[in-house]
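Numbering (the working numbering), first residue to last: 274 to 581. Every residue, glycine too, gets a C-beta built ideally from N, C-alpha and C. One structure is given here, and the rest of the page talks about it.
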């Protein structure tokens with residue numbers, strides 16, 4: 274048994290796995306975001322023993338938990354690396370193409386968000402951390418205590434869509450050093466007006482910090498482009514997002530590669546033509562039954578495309 278207390282809920286497990294059409298398949302599949310292994314387990318249950326699943330993860334706790342969970346499946350490879358290195362890691366394995374499909378389940382896991390010492394939550398006192406990869410040096414403490422006011426305003430506005438970015442950034446700069454999550458949360462509360470909202474006043478800032486620390490959006494964009502190019506004809510690419518920035522990025526890239534990318538005035542096509550076919554033009558959302566069991570599922574959106 275795994276030694277860690279890893280709390281995990283797999284969002285839209287059936288819908289995401291169904292999108293791969295992987296039942297009985299002997300092809301190669303990739304789980305770019307292993308997490309607790311819920312989606313990987315479902316894929317492994319469905320594919321043929323001759324099929325193979327490759328999963329990427331940087332979080333040691335997740336790897337330990339998922340490795341135990343998936344120990345009875347022999348046709349898997351778990352790689353401790355960022356999915357942004359997918360091209361390098363697949364080449365190291367002698368794999369040229371993703372023949373079956375690839376999935377992304379983006380954002381922080383329930384375990385990361387609720388762990389006392391990881392610093393993702395504004396409800397528990399912990400050092401300002403927020404690193405997915407614990408071997409990484411750069412943390413939320415660096416962002417909060419070293420970034421200029423202008424840079425803080427930029428990331429709070431861009432990644433958190435925070436309406437009071439200027440007030441919060443000013444308060445942070447004036448009250449440094451800030452060392453813990455509750456210190457930051459209280460500072461945000463004091464520096465912003467009370468508004469009638471269901472979400473905590475620190476939610477958007479903590480989201481922005483997490484995205485900045487882990488370079489989430491740029492890593493996702495670059496990796497999705499790599500996956501499109503690495504995918505064989507007919508392979509499925511499915512993306513599960515949890516906030517508007519991720520979903521917008523997935524939607525934009527899928528739409529771009531589902532059309533000719535040449536200048537509209539170009540007399541001939543030089544881009545190679547369409548690379549994707551949209552499987553669902555509108556995102557699939559969690560069922561009301563799932564949302565009742567796991568309320569955070571309400572923000573989940575699933576987009577799927579097929580390589581052509």
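Next item on the list: Whole angstroms is fine: what's the gap from residue 332's alpha carbon to residue 369's?
Entry: 26 Å
Margin query: So, for residue 297: in the same chain, excluding its five sequence neighbours on each side, which residues have a beta-carbon less than 6 Å away from its beta-carbon?
Written below: 321
Next item on the list: Work out the CA separation of residue 330 and residue 339 for me, nearest whole Å.
Entry: 10 Å
Checklist line | Exposure label - residue 579; buried when at least 16 CB within 10 Å | finding: buried
Check: Per DSSP, what kind of secondary structure is residue 378 in: helix, strand or coil?
Finding: strand
Notebook entry, point to check: Are three or more beta carbon pairs between the region 481-492 and the region 420-439 nearer than 8 Å?
Noted result: yes
Next item on the list: Buried or exposed for residue 538, please, with buried defined as at least 16 other CB atoms from any protein chain shown within 10 angstroms of its CB.
Entry: exposed
Note to self: Can you determine whether any heavy atom of the ligand FAD sits closer than 8 Å to the C-beta of residue 309, and answer yes or no?
What the structure shows: Looking for the ligand FAD in the displayed structure turns up nothing, as the structure carries no ligands at all.
Checklist line | Nearest residue (CA-CA) to residue 583, options 463, 529, 574, 496 | finding: The first residue shown for the chain is 274 and the last is 581, placing residue 583 beyond what the model contains.
Item checked: Alpha carbon of residue 456 to alpha carbon of residue 324, nearest angstrom -> 49 Å
Notebook entry, point to check: When the Cα of residue 461 is compared with those of 476, 452, 471, 564, which residue comes out closest?
Noted result: 476
Next item on the list: Could you pull out every residue in the same chain whose Cβ sits closer than 8 Å to the Cβ of residue 287, ignoring the five residues on either side in sequence?
Entry: 315
Margin query: Give me the DSSP bridge partner(s) of residue 355.
Written below: For residue 355, which the question treats as bridged, DSSP gives no partner whatsoever.
Item checked: Inter-stretch contact at 8 Å, needing at least 3 Cβ pairs: the region 484-504 / the region 515-532 -> yes
Next item on the list: Could you name each continuous alpha helix (DSSP H) segment of 4 residues or more that falls completely within the region 302-354, going from the start of the chain to the end?
Entry: 311-319, 333-342
Item checked: Residue environment, residue 544, which counts as buried when at least 16 other CB atoms sit within 10 Å -> exposed
Check: Between the beta-carbon of residue 380 and the beta-carbon of residue 514, is there less than 9 Å?
Finding: yes
Next item on the list: Using beta-carbon positions only, say whether residue 263 and residue 563 come within less than 9 Å of one another.
Entry: Residue coverage of the chain in this structure runs from 274 to 581, which leaves residue 263 outside it and unanswerable.
Checklist line | For residue 514, the residue or residues it bridges with in DSSP | finding: 574
Next item on the list: Just the C-alpha distance for residue 472 and residue 417, rounded to the nearest angstrom, thanks.
Entry: 22 Å
Item checked: residue 327 beta carbon less than 9 Å from that of residue 372 -> no
Item checked: Alpha-carbon spacing of residue 318 relative to residue 508, whole angstroms -> 19 Å
Notebook entry, point to check: Hey, would you say residue 441 sits closer than 9 Å to residue 464, going by beta carbons?
Noted result: yes
Notebook entry, point to check: Are residue 396 and residue 451 touching if we call contact CB-CB under 9 Å?
Noted result: no
Checklist line | Simplified DSSP assignment, three categories, for residue 441 | finding: helix
Checklist line | Range covered by the alpha helix (DSSP H) that runs through residue 489 | finding: 489-503
Margin query: So residue 378 and residue 306 are supposed to be a Cβ contact under 8 Å. How far apart are they, rounded?
Written below: 5 Å
Notebook entry, point to check: Applying the criterion that 16 or more other CB atoms from any shown protein chain within 10 Å of the CB defines a buried residue, is residue 361 buried or exposed?
Noted result: exposed
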